[in-house]
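Visitor: Going by our numbering, the sequence shown opens with residue 139, and the numbers climb by one from there.
Using N, Cα and C, we set each Cβ at its ideal position, and we do this for glycine too.
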Amino acid sequence: MKSNEIAIIDEQSIKDMVHEIRGQRVMLDYDLARLYGYETKDFNRQVKNNIGRFPPEFRFRLSKEGAAFSRCKNFTLDESSGRGSNIKYLPYAFTEQGVYMQKGIE
Numbered sequence: 139m140k141s142n143e144i145a146i147i148d149e150q151s152i153k154d155m156v157h158e159i160r161g162q163r164v165m166l167d168y169d170l171a172r173l174y175g176y177e178t179k180d181f182n183r184q185v186k187n188n189i190g191r192f193p194p195e196f197r198f199r200l201s202k203e204g205a206a207f208s209r210c211k212n213f214t215l216d217e218s219s220g221r222g223s224n225i226k227y228l229p230y231a232f233t234e235q236g237v238y239m240q241k242g243i244e
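1. Considering only the alpha carbon of each residue, which of 201, 194, 241 lies closest to residue 226?
2. Can you give me the C-alpha to C-alpha distance between residue 151 and residue 184, rounded to a whole angstrom?
3. How far does the alpha helix (DSSP H) with residue 235 in it extend, from its first residue to its last?
4. Whole angstroms are fine: how far does the CA of residue 166 sit from the CA of residue 228?
5. So residue 233 and residue 181 are in contact, right, with Cβ under 8 Å, and what is the actual spacing, rounded?
Next up, the structure:
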């Protein structure tokens with residue numbers, strides 16, 4: 139999706155984006171990127187450019203084991219490409235406070 143396209147996301151879709159990890163309810167970077175109309179790498183770049191707004195209690199990177207539950211194909215390489223099936227980039231998880239801090243980082 140391009141940043142100027144509007145995504146229609148229903149309540150159930152948003153509920154499906156909330157996961158419980160490390161005892162906290164979080165949303166993953168690729169879901170937040172989709173909500174805001176960014177590619178994941180661009181979304182994470184915006185966060186990095188505003189890192190002061192995201193202390194460790196607002197955002198953390200998942201371990202390889204933690205990311206294994208992910209249903210998103212962005213984390214699994216296509217085996218048919220000959221590149222294997224390892225996770226390429228570990229996703230970030232954003233707590234409720236981290237999700238709130240997304241507002242206005244453009």
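Guide: Let's see:
1. 201
2. 24 Å
3. 234–239
4. 10 Å
5. Going by Cβ atoms, the distance from residue 233 to residue 181 rounds to 16 Å, so no, they are not a contact pair.
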